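Please read the structure below before turning to the comments.
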Amino acid sequence: MAKKVEVFGTGCARCKQAIKIMETAIKELGADAVVEKVEDINEIVSRGIMATPAVAVDGKVVLIGKIPTLEEAKKILMKN
295 MAKKVEVFGT
305 GCARCKQAIK
315 IMETAIKELG
325 ADAVVEKVED
335 INEIVSRGIM
345 ATPAVAVDGK
355 VVLIGKIPTL
365 EEAKKILMKN
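Convert by adding 294 to the 1-based position in the sequence shown; the result is the number in our numbering.
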């Protein structure tokens, strides 16, 4: 299961919601993972992300431009 989850965004409400959903999914799955916020626009663009929120798991971008549902978040975590 994933160890490092990054949520990319500039701090908007949608990005904050994505962070909460990923944190909830981690807690419900009992995963040993850490959620990090990435708000630096240069870092976001350098990773090829053109729409936020975006989610990366262990360095691999897996979701761009949408807020995951709780079920999607769990699938992302279990798959990666």
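Quick reminder that beta carbons are idealized off the backbone N, C-alpha and C, glycines included. If you're wondering where the values come from, they're calculated on a predicted model, not measured in any experiment.
| said: Measuring only the C-alpha atoms, how far is Gly342 from Gln311? | reply: 22 Å
| field | Nearest residue (CA-CA) to Val301, options Ile335, Ala325, Glu365 | value | Ile335
| Where Lys310 sits in the DSSP three-state scheme | helix
| Helix, strand or coil at Ile358 according to DSSP, with G and I counted as helix | strand
| message | My output table needs one value for Ala345: the three-state DSSP class, helix, strand or coil. | response | coil
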